[in-house]
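Chemist: My questions will all concern the structure given below.
In our numbering, the protein residues as written are 6 to 417.
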């Protein structure tokens, strides 16, 4: 029997009972659709996150309090108060960090803000006047506070779009005073909606000089982050090393394994986030693959039923000269065709759903989410589908090929 004839025979066997064939491949379709959807959305999320990180500038370095955790016992290190004003002073010294272009200590907190009878829970972001350049923030109206405001602990603040909406409704907030912890703060600028992107969303923030935040809002004498910009990209690695050496000297640390701080470049952060998102994506792919296994078992069961129902057909074909190998290949090819068709449908359906979700996120939620077609997922889908057909279709095909032609013709 030629392969062309074998293919036609297998296709005829599948199309004879279309409804059964359609239901048989449903598990494969669902599994491949889930894999394509997860991989496409995972790639889109990774591109979005890495784009936001790289948007801060490749010459940006973050100093985080506490050593980088390596296990559950190190979780407490994340809440360290190790970064103080003396560290900022030491880092500002050009003799210690020649590659430093700018430095911005930051303070985070949460508090209620009010204007008249309106109240809103806000995030307090204490920083310097460098925040506009580092995060590329352009106010919709007004201007950011300056270095003199930081030095004088002024009450000038910048608010996000959500803060403006909840506290002022349609009124113009510029120049108005809001109350935070019983103190009045004057609004000098308002940020547009999604002013800081998806990773750094300033919509619900009140940005103020860090000196003001420490003195009147958080009450803390330490910093949650110190953000530094190197003079250029080429100086980042050396500057990061100089920062670590300066902080060790400031903290009287001689053993680097005892560091109570973490120096993180944008490339370090991008690599770490990329690893995390990739690992999460493949974990979800593994979970979705369970549906493929279930679909494979379903195909094996249906093929066994098909072999039983077509016993007389098998006997007739053998009586006319078909060999065991021909029967084996026919039923094996039917199983592979079922799974490959299911894989193709799953790829199209999964990519279509991913495109719709990406479109909805970018157009209706104003998230800069781009659709990514996961070619690796498509190749994986077709390969796994064919493998499932080969594995789970092998046993029914072998059972069909072993039938005796005489006994098969007697079967009713």
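Glycine residues also receive a C-beta, built at the ideal position from the N, C-alpha and C atoms.
Predicted, not measured: the structure shown is a model, and the values here were computed from it.
Could you please give the first and the last residue of the uninterrupted alpha helix (DSSP H) stretch that includes residue 193?
Modeler: Segment 188-195 is the beta strand (DSSP E) holding residue 193; no alpha helix (DSSP H) there.
Chemist: On the DSSP bridge list, what partners appear for residue 230?
Modeler: Answer is 111, bridged to residue 230.
Chemist: Mapping DSSP to helix, strand and coil, what is residue 201?
Modeler: Only weak support is given to the placement of residue 201: the predicted model assigns it a pLDDT of 46, under 50, and the value that follows is read from those uncertain coordinates. DSSP places residue 201 in coil when its eight states are reduced to three.
Chemist: For residue 161, name the three-state secondary structure that DSSP assigns.
Modeler: In this structure, residue 161 counts as strand in the three-state DSSP scheme.
Chemist: Per DSSP, residue 68 is paired with what?
Modeler: According to DSSP, residue 68 bridges with 231 and 268.
Chemist: Residue range of the alpha helix (DSSP H) that residue 168 falls in?
Modeler: Counting along the chain, the alpha helix (DSSP H) containing residue 168 begins and ends at 166-173.
Chemist: Please report the distance separating the alpha-carbon of residue 202 from that of residue 231.
Modeler: With a pLDDT of 47 at residue 202, under the threshold of 50, the predicted position of this residue should be treated as unreliable, though the coordinate-derived value follows. One C-alpha to the other measures close to 20 Å.
Chemist: As a quick exercise: from 351, 271 and 337, pick the residue whose alpha carbon is nearest that of residue 297.
Modeler: Measuring from the Cα of residue 297, the nearest candidate turns out to be 351.
Chemist: Quick check on the burial criterion: 16 or more other C-beta atoms within 10 angstroms. Buried or exposed for residue 229?
Modeler: Label assigned to residue 229: buried.
Chemist: For residue 191, which residues of its own chain have a beta-carbon under 8 Å away from its beta-carbon, when the five flanking residues on both sides are left out?
Modeler: So the qualifying residues of the chain are 160, 161, 162, 180, 181 and 182.
Chemist: Which residues does DSSP pair with residue 146 in a beta bridge?
Modeler: Looking at the DSSP assignment, residue 146 forms a beta bridge with 195.
Chemist: Residues in the same chain with beta-carbon distance under 7 Å from residue 69, minus the five sequence neighbours each way, listed in chain order, please.
Modeler: So the list reads 230, 266, 267 and 269, once near-sequence residues are dropped.
Chemist: To the nearest angstrom, how far is it from the Cα of residue 27 to the Cα of residue 286?
Modeler: If you take the alpha carbons of residue 27 and residue 286, they lie about 29 Å apart.
Chemist: What three-state label does DSSP hand residue 102 in the structure shown?
Modeler: Correct three-state label for residue 102: coil.
Chemist: Helix, strand or coil, according to DSSP, for residue 299 in the structure here?
Modeler: Helix.
Chemist: For residue 374, which of 164, 365 and 344 has the nearest alpha-carbon?
Modeler: Taking only the C-alpha atoms, the option nearest residue 374 is 365.
Chemist: Measure the alpha-carbon distance for residue 225 versus residue 121 and round it to whole angstroms.
Modeler: The alpha-carbon atoms of residue 225 and residue 121 are separated by roughly 28 Å.
Chemist: So what does DSSP say about residue 260, is it helix, strand or coil?
Modeler: The answer is coil: DSSP assigns residue 260 none of H, G, I, E or B.
Chemist: Could you tell me if residue 379 is buried or exposed, where buried requires 16 or more neighbouring beta carbons within 10 angstroms of its beta carbon?
Modeler: Burial call: buried.
Chemist: Beta strand (DSSP E) containing residue 184: first to last residue?
Modeler: Element bounds for residue 184: 182-185.
Chemist: Within a Cβ cutoff of 8 Å, which residues of the same chain sit near residue 174, ignoring the five residues on either side of it in sequence?
Modeler: Here the set comprises 123.
Chemist: On the CB-based measure, 16 or more other CB atoms within 10 Å of its CB, does residue 119 come out buried or exposed?
Modeler: Exposed.
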